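Undergrad: Right, I'll just put the structure down here and ask away after.
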Ligand code: NDP
Ligand code: 2IT
């Protein structure tokens with residue numbers, strides 16, 4: 256699609272998908288980068304590759320009834336959007352959060368297609384979830400919800416069809432209950448149908464750490480491309496969930512000091528550097544809130560309702576949720592001297608924020624590249640399941656490091672090749688798109 260065709264195309268996406276603002280935003284961000292690659296390959300336009308990518312192959316919406324511990328009946332909505340399978344089975348996480356809607360799942364599934372292509376692994380893209388709120392729910396309530404959710408979803412899954420994993424609100428506990436119900440209904444021990452499984456029953460070492468570790472590795476590569484090191488840098492990481500915790504751990508292993516993290520209640524500031532073991536104890540073992548951290552650690556403070564992006568830092572990693580870092584926040588970070596930003600979360604920076612970072616010359620790693628380590632390690636888990644093998648932590652982490660280094664150089668190189676040196680947004684969008692588009696052309700109009 257040439258530049259003059261982008262506006263009418265985008266208007267049509269908005270018209271066909273009313274109210275799905277996050278989906279519109281994700282489409283816009285990709286399409287705006289594609290002019291040069293469409294000019295080079297007219298076939299992509301003729302075969303309507305972008306139009307096909309913006310229409311998911313299949314969208315499933317279903318009712319999820321369940322009963323809480325007090326005997327009250329609840330009805331939630333479940334989603335699975337299977338966006339594209341040109342490169343492999345649909346692959347992408349499940350999110351349980353009250354904000355989940357069709358538009359959110361579609362934006363995540365759309366992003367996932369390009370991210371998965373960047374990994375170089377044989378993965379298509381999809382995403383799912385529910386507006387179920389797991390906060391404050393007992394273990395048994397979570398189990399009953401997961402069982403009800405899988406009772407509908409199982410018919411759409413399979414190791415060669417669609418392979419979910421975790422995302423916000425879904426970790427190894429939930430994957431366990433989902434797998435148990437899938438196994439019971441199908442009477443198949445099909446390890447490759449879900450990733451992020453427990454280590455005792457088919458899970459892969461490093462999958463838990465992979466997204467956060469990978470984001471830190473991508474950050475290291477962006478700095479290296481500018482002749483800089485993470486060692487000695489001051490970092491801020493938003494969120495305090497799976498991605499944030501392991502991003503913090505790896506940044507600290509690389510010699511950086513991470514002075515702040517957050518949750519939806521507030522911000523913890525720890526000028527001596529966050530203690531990851533304490534964070535893990537509170538978030539993973541106790542499933543508690545972040546204010547406990549400050550209660551247990553000297554010098555650390557917890558500020559309710561504070562904005563984490565006001566904390567001065569050299570490097571910022573948004574690792575919580577979409578649109579958590581605005582144009583104003585970007586201006587504050589730039590004023591405070593930030594030199595690199597890598598997105599551990601999916602689309603955490605608003606379009607105004609992205610523009611501000613690019614204009615200011617900040618090294619900016621978009622989520623579809625910077626957080627691809629999670630899904631890449633899911634593919635390594637599938638590989639181990641398929642060959643009934645089990646790799647060591649060291650070997651798996653080495654593979655993850657190679658993959659992240661390759662994604663960085665692919666994005667860097669592609670940005671340069673298409674006339675936007677240093678712009679990882681353009682590099683990631685074009686590189687991911689090209690892989691999917693070539694496969695779609697080869698497979699004909701399906
Ligand atoms: P978790 O559920 O483990 O943690 C989410 C964190 O983000 C929590 O600290 C949570 O705070 C905060 N958060 C979530 N929603 C909001 C919100 N609406 N407003 C403010 N804070 C919020 O999820 P993950 O760490 O797995 O996921 C974080 C991000 O990373 C998401 O964007 C996800 O899509 C992305 N991602 C995850 C991957 C994975 O493998 N898990 C892979 C690639 C990307 P609170 O507890 O207060 O809600
Ligand atoms: O956004 C993501 O890449 C994920 N939530 C992980 C997907 C996966 O299938 O491992």
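Numbering (this note's numbering), first residue to last: 256 to 701.
For each residue, glycine too, the CB sits at the ideal point set by N, CA and C.
Here the structure is a predicted model, which is why all the values come from computation and not from measurement.
Please determine, among 269, 626, 299, the residue with the shortest C-alpha to C-alpha distance to residue 473.
TA: 626
Undergrad: Thinking residue 419 and residue 449 are a contact (beta carbons under 8 Å), I'd like their distance in whole angstroms, please.
TA: Sure, about 6 Å apart at Cβ, within 8 Å.
Undergrad: Quick check: what's the CA-CA separation for residue 427 versus residue 458?
TA: 9 Å
Undergrad: Using only the heavy atoms of the ligand NDP, determine whether one of them is closer than 6 Å to the beta carbon of residue 651.
TA: no
Undergrad: Report back the beta-carbon spacing between residue 573 and residue 604 to the nearest angstrom; my notes put them in contact at under 8 Å.
TA: 6 Å
Undergrad: So, for residue 680: in the same chain, excluding its five sequence neighbours on each side, which residues have a beta-carbon less than 6 Å away from its beta-carbon?
TA: 621
Undergrad: Given this structure, state the Cα-to-Cα distance separating residue 569 from residue 318, to the nearest angstrom.
TA: 46 Å
Undergrad: Would you identify the three-state DSSP class for residue 456, choosing helix, strand or coil?
TA: DSSP places residue 456 in helix when its eight states are reduced to three.
Undergrad: So residue 460 and residue 646 are supposed to be a Cβ contact under 8 Å. How far apart are they, rounded?
TA: 7 Å
Undergrad: Can you list, in chain order, the residues of its chain with a C-beta nearer than 7 Å to that of residue 462? Leave out the 5 residues immediately preceding and following it.
TA: 450, 451, 632, 633, 636
Undergrad: Could you tell me the distance, in whole angstroms, from the CA atom of residue 701 to the CA atom of residue 683?
TA: Cα to Cα, the separation comes out at about 25 Å.
Undergrad: Just the Cα atoms here: how many angstroms apart are residue 268 and residue 381?
TA: 18 Å
Undergrad: Using only the alpha-carbon positions, how far apart do residue 498 and residue 397 sit?
TA: Residue 397 has its alpha-carbon roughly 21 Å from the corresponding atom of residue 498.
Undergrad: Of the residues 536, 559, 488, 548, which one's Cα is nearest the Cα of residue 520?
TA: 559
Undergrad: Which whole-angstrom value describes the C-beta separation of residue 501 and residue 514, a residue pair presumed to lie in contact below a C-beta threshold of 8 Å?
TA: That belief does not hold up - the Cβ atoms of residue 501 and residue 514 are roughly 17 Å apart, past 8 Å.
Undergrad: Can you tell me the Cα-Cα spacing of residue 343 and residue 364, whole angstroms?
TA: 14 Å
Undergrad: Need the endpoints of the alpha helix (DSSP H) that residue 474 sits in, please.
TA: 462 to 480 is the span of the alpha helix (DSSP H), which, as asked, contains residue 474.
Undergrad: I need the boundaries of the beta strand (DSSP E) containing residue 317, first residue and last residue.
TA: 313 to 322
Undergrad: By how many angstroms is the C-alpha of residue 670 removed from the C-alpha of residue 623?
TA: 15 Å
Undergrad: Short of 7 Å in beta carbon distance, which residues of its chain neighbour residue 393, apart from the five on each side in sequence? Order them along the chain.
TA: 324
Undergrad: Go ahead and pull the three-state DSSP assignment for residue 545.
TA: Three-state result, residue 545: coil.
Undergrad: Would you grab the beta carbon distance between residue 596 and residue 617 for me? Rounded to a whole angstrom, and I think it's under 8 Å.
TA: 6 Å
Undergrad: What does the Cβ neighbour count give for residue 538, buried or exposed, with the cut at 16 atoms within 10 Å?
TA: buried
Undergrad: Please report the distance separating the alpha-carbon of residue 387 from that of residue 352.
TA: Between residue 387 and residue 352, the alpha-carbon positions lie close to 6 Å from each other.
Undergrad: Leaving out five residues before and five after residue 723 in sequence, what residues of the same chain have Cβ atoms less than 6 Å from its Cβ?
TA: In the structure as shown, the chain begins at 256 and stops at 701. Residue 723 is therefore absent and cannot be evaluated.
Undergrad: For residue 469, which residues in the same chain have their Cβ closer than 8 Å to its Cβ, ignoring the five residues on either side in sequence?
TA: 625, 626, 627, 628, 629, 631, 632, 655, 658, 659
Undergrad: Who does residue 618 pair with in a DSSP beta bridge?
TA: Paired residue(s): 595.
Undergrad: Hey, would you say residue 477 sits closer than 7 Å to residue 433, going by beta carbons?
TA: Contact annotation: residue 477 and residue 433 have beta-carbon atoms that are not nearer than 7 Å.
Undergrad: Compare the beta carbon distance of residue 304 and residue 692 with 7 Å and say whether it is the shorter of the two.
TA: yes
Undergrad: Count the other CB atoms, across all protein chains shown, that sit within 10 Å of the CB of residue 650; report buried if there are 16 or more and exposed otherwise.
TA: exposed
Undergrad: With H, G and I counted as helix, E and B as strand and the rest as coil, what does DSSP make of residue 685?
TA: helix
Undergrad: Pick helix, strand or coil for residue 385, following the three-state DSSP scheme.
TA: strand
Undergrad: Candidates 689, 697, 533: which alpha carbon is nearest residue 375's?
TA: 689
Undergrad: Determine the DSSP secondary structure at residue 556, reduced to helix, strand or coil.
TA: strand
Undergrad: Return the chain-ordered list of same chain residues with a C-beta closer than 8 Å to the C-beta of residue 648, the five sequence neighbours on each side being excluded.
TA: Closer than 8 Å at the Cβ level, and outside the excluded window around residue 648, lie 460, 461.
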